[in-house]
Amino acid sequence: MATSSSSTEGWSFRDTYVGPISLATGIAYLFYIAHETAALGFRSPPAAFGAVAKRCSDPFNNTTCVEVEAQSEVGVVNVDRMIAMASFTALLLTVVIALCFAKLPEAIDSKHNNRGLAQFSSLFYRKGGAFTDFLNGLPYVLNLLPTATVYMGIYLYRESGNDWATWFTFIAGFVLVPLFDLIVGEDSYNPTPAEEAALIKNPWFSRHLILYTWAYVASLGALCCYIGQQSGYIGGGPNVLSPVAFWGIAISTGIASGFGIGCIHELMHRPTFFEMNHSRLVLLFSNYNQFWVEHLWGHHKRVATDEDPASSSLNEPFWTFIFRCIWQSLVSALRLEAKFQERKGRSFFCVQNRILVPYLVSFSIDYAIYKFCGPQALMFQLIQSWFTIFLTDNANYIEHYGLRRKRLSDGKDQWGLHSEYERTGWMHAWNTGDRISNWMLFKIERHPDHHVNAGRPYQILRTMKESPTYPTGYAGMFVLS
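Numbers in the working numbering are just positions in the sequence shown, counted from 1, shifted up by 9.
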């Protein structure tokens, strides 16, 4: 596919409406990130929460409790409205930007003569200044939307008293995202070598990854405090969360965390100590620490074979795969770590163990949540962790479903290297180009190129015709699987 490199001559970015839209989106997300860093449970003094809770005669009568809160917590509802409006505005504007991108590959194609659209499209694939770098990475703020919908659900729950409003993330993730994938369409464009060089140098693609990790940690801490306050552990008083509302918040948080698999996956493949350990930070809060070792040193070596726990077989039932994958991945990771420590001349039970020590840290985090936020907050943490693990292995299930590498009779691959299987190729992982899902998941859906070139940054991953293709993005495939 050819690119139109000269189409930007005599044209300025301010000549199009996309500039104000982009800036408005960034400002809206500043409101959202500010909210992420604030612990929701401590917006009012504990005494005020206690007084409110004592006036709720029925712990499960949320309507009464909400009305009392609105009378006693001056200004809190207004703050909630402002944050919800910022989140909804961000959602709306990012969708508008996504629609602006809908014809990107066709516009860049020299066979099309829509000069204005080609000028706009080529802007996002050319070298430029700091502002252009910012715009190149802007669509990936969509990765924060699942977490934003958790807060939207809580806001709707507080305003309406309807417990089912806390399940908003479930609807957004598995209904709205697949719908927007269908509306916005696919992107099959592969950047040229010159464009790849510019994209690699762009710092915003790494900044979005780091931003997500800390937004995740701040959000989880804030929600644990909120559950602790609503359950009465913080501030005293009875539990004002019904089972429907509690499970809605917990599962919604797990879904939002599960959508972070793209960020975790990308960071663990980064060469720097700083970036790689940000992926381990998220795994600490997800209670899934074997994933790092097994994925890097197990999955990438044995992908698309029967020896790989994360490669599903043709016609393998989904639930059979999930439990098999979790158990076999743990066993495989422990064996890999034992061999690694043995090569280093260390005991398996050493402080450098990359599985046991992180799990001790995870258990410490869980205990701290129990101690400071109460047993219901701990239950919330365990539920969201399990759902994060569930969605992570759901991704594993669909990424290599039914695909197998050939076993070699002479023990050498097509490059003459010693191997039991043929070399991993484009046909050994499923691919999809749905824009919305790819932006939300840091292009993990261009999975074949990732396995052929594991160190390739997400912003320059390519799509190839040889790869099998999904009918929809990951969100839709989660439902279909």
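Think of the CB as a built atom: it goes at the ideal place given N, C-alpha and C, for glycine as much as any other residue.
Counted within 10 angstroms of its Cβ, other Cβ atoms place residue i as buried (16 or more) or exposed
i	result
Tyr149	buried
Gly328	Looking at the sequence shown, residue 328 is not Gly but Trp. Classification of Trp328: exposed, given that the 10 Å Cβ count is below 16.
Ile163	buried
Thr481	buried
Lys452	buried
Leu151	buried
Cys359	exposed
Phe255	buried
Ile273	buried
Asn462	exposed
His454	Per the sequence shown, the amino acid found at residue 454 is Glu instead of His. Classification for Glu454: buried.
Inter-residue Cα distance where the pair is residue i and residue j
i	j	result
Val184	Gln361	43 Å
Glu204	Glu431	32 Å
Gly263	Gly257	10 Å
Ser251	Ala484	28 Å
Ser215	Asn145	12 Å
Ala206	Tyr198	16 Å
Arg416	Ser490	28 Å
Ile243	Ser266	25 Å
Phe268	Gln239	26 Å
Phe177	Val193	22 Å
Trp439	Ser169	42 Å
Phe9	Glu408	Because the chain spans 10 through 490 in this model, residue 9 falls outside it and cannot be assessed.
Leu400	Ile331	10 Å
Ile2	Ser418	Residue coverage of the chain in this structure runs from 10 to 490, which leaves residue 2 outside it and unanswerable.
Val291	Leu323	31 Å
Ile270	Ile378	23 Å
Gly218	Asn211	Sequence check: residue 218 is Leu here, not Gly. When rounded, the distance between both Cα atoms is 13 Å.
Ala310	His278	In the sequence under discussion, the amino acid at residue 310 is Lys, which differs from the Ala named in the question. Approximately 14 Å, taken between the alpha carbons.
Arg471	Pro202	12 Å
Tyr376	Ile364	18 Å
Phe282	Arg289	11 Å
Whether residue i touches residue j by CB criterion (8 Å)
i	j	result
Phe487	Asn405	no
Thr433	Arg413	no
Thr175	Ser261	yes
Gly182	Pro155	yes
Trp435	Ser373	no
Ala313	His437	yes
Val253	Trp173	yes
Asp196	Arg444	yes
Asp142	Trp223	no
Ser394	Val186	no
Glu275	Tyr467	yes
Phe389	Ala259	yes
Limits of the unbroken alpha helix (DSSP H) element including residue i
i	result
Asp190	Val186 to Val193
Trp336	Phe327 to Arg352
Asp375	Leu365 to Cys382
Gly234	Reading off the sequence shown, one finds Cys at residue 234, where the question assumed Gly. Where Cys234 is concerned, the enclosing alpha helix (DSSP H) stretches over Trp213 to Gln239.
Cys272	Ile270 to Met277
Lys210	Pro202 to Lys210
Asp458	His456 to Val461
Phe140	Ala139 to Gly146
Gln468	Element bounds for Gln468: n/a, residue is neither H nor E.
Asn199	Per DSSP, Asn199 belongs to no alpha helix (DSSP H) and is neither H nor E.
Ala265	Pro252 to Gly267
Pro247	It is not in any alpha helix (DSSP H) - Pro247 carries neither H nor E in the DSSP assignment.
Proximity test, Cβ basis, 8 Å: residue i and chain B
i	result
Pro155	Reference to chain B is not applicable here, since this structure consists of a single protein chain.
### Query
How do the segment 340-347 and the segment 297-304 stand: do at least 3 beta-carbon pairs fall below 8 Å, yes or no?
Using a Cβ-Cβ distance cut-off of 8 Å, the segment 340-347 and the segment 297-304 are in contact, since at least three pairs of beta carbons, one from each stretch, lie closer than that value.
### Query
Counting pairs of Cβ atoms below 8 Å between the segment 289-296 and the segment 362-375, do you hit three or more?
Segments in contact, yes.
### contact_flag[the segment 302-311, the segment 222-236] where n(CB pairs < 8 Å) is 3 or more
They do not touch, by the three-pair rule.
### Query
Is the segment 347-359 in contact with the segment 313-324, if contact means three or more CB pairs nearer than 8 Å?
With fewer than three CB-CB distances shorter than 8 Å, the segment 347-359 does not count as touching the segment 313-324.
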